[in-house]
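Written below as structure tokens is the structure these notes are about.
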Amino acid sequence: MKMVGSIGYAPNPGNRHRNQVPYQLNQNKLSNDSPAHKDDGPELVPYRYLKQEIKYSKMGLDEIDFNRFNRTSFCGLEANLPNSYCNNMIQMLYFIEPLRSALLNHLCQREFCLACELGFLFHMLDTAQGLPCQAANFLRAFRTIPEASAHGLIVNDLNESKKRGNLQTLVQSWTRFMLQQLHTETLEVNDHLLEENNSDGSVSIMSQLFGAKLFSCNSCRCRSETCQETTTLLTQLLYPDNHSTTDKPPVQYSFVDIVQRSLSAKHHITAWCDNCSRFTSMIQTKLLKSLPDILVFNCGENKQEMEFWRTQLELLSQSEDGGLIMKSLPDVPVSSRKKHCRYGSLCKRSDCRYYHAIKNPEKAIDPSEASMSWIPLSIQLKMKGGEISVSEYNEKEDCIDEGEEESVIYELSGVVSVVLDLQENGRDNIVTCIKVSPPAHQRHKGSPCYQWYLFNDFYIVPISPQEAVYLDFEWKIPCVLYFSRKNLNSRHNLQVYNPIAQQVFRDDVSLASQTGHITFTPLSVEEEHQPSGQLIAMDAEFVTLNQEEAEIRSDGTRSTIRPSQLSVARISCVRGEGPLEGVPFIDDYISTQEQVVDYLTKFSGIQPGDLDASISSKHLTTLKATYQKLRFLIDSGAIFVGHGLKNDFRVINLVVPPAQVQDTVYLFQLPNKRMVSLRFLAWHFLDLKIQSETHDSIEDAKTALQLYKKYLEFESTGSKKDALRELYEVGRQLQWKVPGIDD
70 MKMVGSIGYA PNPGNRHRNQ VPYQLNQNKL SNDSPAHKDD GPELVPYRYL KQEIKYSKMG
130 LDEIDFNRFN RTSFCGLEAN LPNSYCNNMI QMLYFIEPLR SALLNHLCQR EFCLACELGF
190 LFHMLDTAQG LPCQAANFLR AFRTIPEASA HGLIVNDLNE SKKRGNLQTL VQSWTRFMLQ
250 QLHTETLEVN DHLLEENNSD GSVSIMSQLF GAKLFSCNSC RCRSETCQET TTLLTQLLYP
310 DNHSTTDKPP VQYSFVDIVQ RSLSAKHHIT AWCDNCSRFT SMIQTKLLKS LPDILVFNCG
370 ENKQEMEFWR TQLELLSQSE DGGLIMKSLP DVPVSSRKKH CRYGSLCKRS DCRYYHAIKN
430 PEKAIDPSEA SMSWIPLSIQ LKMKGGEISV SEYNEKEDCI DEGEEESVIY ELSGVVSVVL
490 DLQENGRDNI VTCIKVSPPA HQRHKGSPCY QWYLFNDFYI VPISPQEAVY LDFEWKIPCV
550 LYFSRKNLNS RHNLQVYNPI AQQVFRDDVS LASQTGHITF TPLSVEEEHQ PSGQLIAMDA
610 EFVTLNQEEA EIRSDGTRST IRPSQLSVAR ISCVRGEGPL EGVPFIDDYI STQEQVVDYL
670 TKFSGIQPGD LDASISSKHL TTLKATYQKL RFLIDSGAIF VGHGLKNDFR VINLVVPPAQ
730 VQDTVYLFQL PNKRMVSLRF LAWHFLDLKI QSETHDSIED AKTALQLYKK YLEFESTGSK
790 KDALRELYEV GRQLQWKVPG IDD
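If you're matching positions, the sequence shown starts at 70 in my numbering and goes up one per residue.
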């Protein structure tokens with residue numbers, strides 16, 4: 070059984086940092102009733118699979134070298150936010166090219182739309198140039214969906230321990246929920262389909278990609294039948310009922326056997342019978358009527374289902390070709406992973422977990438060259454006369470009957486797995502192995518090829534196809550499998566257009582019930598069509614949703630475990646040039662449904678009632694509405710001027726190309742010297758005393774704009790270096806305090 074796959078040259082191939090620990094000891098995670106496991110030695114888990122954690126300092130993320138974890142041109146996702154367990158599942162959706170294109174083109178009026186937020190996030194992953202991003206706005210919308218909470222997908226500090234103990238269920242429930250939720254949000258009524266197919270006319274990108282038509286029929290003992298046609302987006306793998314019996318020897322199945330019985334299922338259920346007028350036992354038969362472009366399989370989560378996988382791996386390793394199965398990952402020596410069985414090749418125990426020497430040494434090969442796994446890299450589905458057959462696909466032995474109604478070749482494109490780890494108090498982890506296609510490589514300035522990668526939050530590394538399908542139920546358990554048509558990308562339109570237009574400014578409506586004084590002048594039609602490169606001064610204010618988590622070490626030093634979670638509360642943009650230079654055109658207060666623990670009024674100027682739609686007199690909008698305005702300005706090539714914009718854009722969850730940012734923090738900084746506050750710069754260069762009592766984002770934006778103009782003067786006269794030296798000399802003398810304010 071050979072697996073088919075191609076490996077190409079990846080952009081900026083990832084290598085492990087020389088200072089990183091390659092492996093970590095991980096005691097076997099086993100239940101008390103699991104035989105033959107208690108005496109096992111410690112397992113070695115490769116470092117790249119472990120939960121990656123970063124230590125935060127006073128400089129935040131600025132001191133962290135993310136190149137240690139990711140030397141590819143793809144962007145990772147930070148894992149310090151609540152519910153960021155779904156990072157790697159989001160990456161799987163991002164690398165499905167037709168889905169990515171459709172979500173980038175999607176835009177609706179709903180405030181909390183996961184399809185819109187994924188489109189915004191995918192845009193960030195496209196433009197961040199390998200730097201890690203945050204899924205903050207997506208997770209914010211995700212927390213507001215009632216169905217997500219009903220399915221137990223919202224994880225907070227109170228049920229964190231529950232998440233750790235049940236990650237397999239969490240992964241599979243999240244996948245099922247997201248496919249259905251995105252289907253609902255992208256649903257459109259197509260009159261053409263309504264007329265021709267006599268269907269309900271409802272289509273979405275999800276039904277086009279993942280939808281498979283099923284004909285299900287429930288048969289009662291009274292010979293009455295109830296049949297209906299449905300569309301399913303995901304398939305639950307069904308296993309034989311007798312696989313756990315102990316009085317019979319285990320039966321060896323192939324993966325395609327399980328797929329076939331899952332797609333054409335026939336099993337007993339309890340359902341209502343109209344003829345009998347009661348709930349009764351019925352036989353439910355499901356027949357596949359059409360093949361989707363992408364097959365998604367949930368592998369199961371209970372103990373019996375996982376034991377079936379374990380048994381099949383053992384039977385496969387004991388078969389005639391057992392020498393070809395990968396016993397370990399290429400960089401984890403086989404001999405160091407398990408103790409040798411004392412009975413050696415004479416051991417007759419089918420459930421023995423100790424290492425056994427290969428019975429036929431002449432067939433043994435290096436693990437890195439192993440090409441055998443219970444999960445194949447390619448399968449072929451054939452439909453003929455209403456019946457379906459599944460087989461492993463071998464390109465060399467490809468043969469399709471002329472009378473075949475439909476024959477589809479599927480290639481494995483993604484594996485979402487749970488990594489068990491008891492070394493860090495049960496901190497299990499979720500990783501995803503993804504087969505990245507040529508369009509994604511070209512988009513990130515790489516060569517057009519197929520290449521497998523391991524995504525572990527912000528840790529990304531190329532891997533081999535064999536590692537993607539490698540299984541070890543001591544620490545790596547598969548949860549969700551993605552199989553895509555071989556010609557998937559050619560079947561769909563991958564063109565992306567920008568759905569955000571000037572209309573976002575004209576649709577601006579305040580949510581506040583009380584209308585107060587308008588603090589800005591909206592853009593005119595002429596200003597909306599200004600050429601690329603217009604100058605805009607910007608500032609933002611924030612409130613705190615979650616306080617910072619820190620620990621005090623034994624030596625008295627303080628270490629930040631999780632930084633405080635900030636939420637944007639006010640965004641102001643000021644015209645930087647033209648007849649209305651210095652006049653604001655955006656001054657939005659951002660409504661929030663989450664509990665604010667600190668309004669930071671001294672630093673933000675935000676009062677508790679400013680964000681409440683029932684009592685606020687400010688121009689109150691949704692984050693999504695203001696986000697679209699900023700995205701339009703970024704996409705139109707506007708140049709943003711401000712002080713500390715890097716942090717502002719990070720909290721707003723925007724990625725702005727460096728060429729479009731002029732930050733006075735860095736413009737007025739000498740190399741390897743401290744950063745200077747906006748208040749001190751305004752006093753020193755402009756003779757202005759700002760932020761005396763509180764902060765005001767419009768005032769700060771105007772001040773940053775004046776400082777930028779002053780900087781341009783210094784550059785034009787060649788006096789920039791002298792001005793900066795004088796700034797630091799005065800600052801040291803005054804201890805960086807503004808006379809009349811700080812004293």
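For every residue, glycine included, the Cβ atom is placed at its ideal position computed from N, Cα and C.
Pick from the options that is closest to residue i, judged by C-alpha positions
{"i": "Arg490", "options": "Ile499, Gly483 and Val484", "result": "Residue identity check: residue 490 is Asp in the sequence provided, not Arg. Measuring from the Cα of Asp490, the nearest candidate turns out to be Ile499."}
{"i": "Ala682", "options": "Gln697, Ser705, Leu702 and Asp657", "result": "Asp657"}
{"i": "Asp608", "options": "Tyr566, Val485, Phe718 and Ser660", "result": "Phe718"}
{"i": "Tyr668", "options": "Gln662, Thr691, Leu635 and Pro808", "result": "Leu635"}
{"i": "Leu173", "options": "Val565, Trp805 and Pro591", "result": "Val565"}
{"i": "Ala219", "options": "Tyr696, Asp577 and Leu239", "result": "Leu239"}
{"i": "Arg748", "options": "Cys296, Tyr522, Leu736 and His764", "result": "His764"}
{"i": "Asn463", "options": "Ser476, Met452 and Ile448", "result": "Ile448"}
{"i": "Gly483", "options": "His510, Cys548 and Ser460", "result": "Cys548"}
{"i": "Phe324", "options": "Glu461, Thr349 and Ile655", "result": "Glu461"}
{"i": "Leu283", "options": "Lys355, Asp624 and Leu183", "result": "Lys355"}
{"i": "Asn558", "options": "Cys144, Asn136, Met452 and Pro167", "result": "Pro167"}
{"i": "Glu180", "options": "Val807, Thr661 and Ala606", "result": "Thr661"}
{"i": "Leu781", "options": "Pro808, Gln731, Gln804 and Val328", "result": "Gln731"}
{"i": "Asn722", "options": "Arg137, Arg117 and Leu150", "result": "Leu150"}
{"i": "Cys177", "options": "Asp576, Leu200, Arg418 and Phe737", "result": "Asp576"}
Residue i - DSSP class collapsed to helix/strand/coil
{"i": "Gly809", "result": "coil"}
{"i": "Glu610", "result": "strand"}
{"i": "Gly26", "result": "In the structure as shown, the chain starts at 70 and stops at 812, and residue 26 therefore has no counterpart that could be examined."}
{"i": "Met452", "result": "strand"}
{"i": "Glu827", "result": "With the chain running from 70 to 812 in the structure shown, residue 827 is simply not present."}
{"i": "Trp752", "result": "helix"}
{"i": "Leu263", "result": "Reliability fails at Leu263, whose pLDDT of 35 lies under 50, so the model's placement of it is uncertain and the value that follows must be treated cautiously. Leu263: helix per DSSP, three-state reduction."}
{"i": "Val505", "result": "strand"}
{"i": "Val459", "result": "strand"}
{"i": "Ser641", "result": "strand"}
{"i": "Thr238", "result": "helix"}
{"i": "Ala792", "result": "helix"}
{"i": "Ser660", "result": "coil"}
{"i": "Gln321", "result": "coil"}
{"i": "Asp541", "result": "strand"}
{"i": "Asn429", "result": "Only weak support exists for where Asn429 lies, its pLDDT of 43 falling under 50; the value from the coordinates is given anyway. Three-state DSSP puts Asn429 in coil, outside helix and strand."}
{"i": "Asn206", "result": "helix"}
{"i": "Ile759", "result": "coil"}
Contact check, residue i vs residue j, beta carbons under 7 Å
{"i": "Ser761", "j": "Arg639", "result": "no"}
{"i": "Ile529", "j": "Met161", "result": "no"}
{"i": "Phe279", "j": "Leu256", "result": "no"}
{"i": "Ala773", "j": "Phe783", "result": "no"}
{"i": "Gln321", "j": "Leu222", "result": "no"}
{"i": "Asp362", "j": "Arg554", "result": "yes"}
{"i": "Phe754", "j": "Lys771", "result": "no"}
{"i": "Ile569", "j": "Phe701", "result": "yes"}
{"i": "Ser273", "j": "His513", "result": "no"}
{"i": "Glu597", "j": "Gln571", "result": "yes"}
{"i": "Phe542", "j": "Leu481", "result": "no"}
{"i": "Phe207", "j": "Leu190", "result": "yes"}
{"i": "Val505", "j": "Tyr522", "result": "yes"}
{"i": "Cys182", "j": "Met193", "result": "no"}
{"i": "Gln241", "j": "Val487", "result": "no"}
Beta bridge counterpart(s) of residue i as assigned by DSSP
{"i": "Asn615", "result": "Gln634"}
{"i": "Thr339", "result": "Ser350"}
{"i": "Leu364", "result": "Phe552"}
{"i": "Gly674", "result": "Looking at the DSSP assignment, Gly674 forms no beta bridge with any residue, so it has no partner."}
{"i": "Leu356", "result": "Phe284"}
{"i": "Phe524", "result": "Thr501 and Ile529"}
{"i": "Asp667", "result": "Thr613"}
{"i": "Tyr118", "result": "DSSP, once it has assigned bridges, lists no residue as partnering Tyr118."}
{"i": "Pro309", "result": "The partner list for Pro309 (beta bridge, DSSP) is empty, contrary to what the question assumes."}
{"i": "Tyr479", "result": "Ile448 and Arg554"}
{"i": "Asn139", "result": "Ile529"}
{"i": "Pro547", "result": "Ser486"}
**OP:** Run through the stretch 700-732 for me and flag every whole alpha helix (DSSP H) of 4 or more residues, listed as ranges in chain order.
**Re:** 714-721
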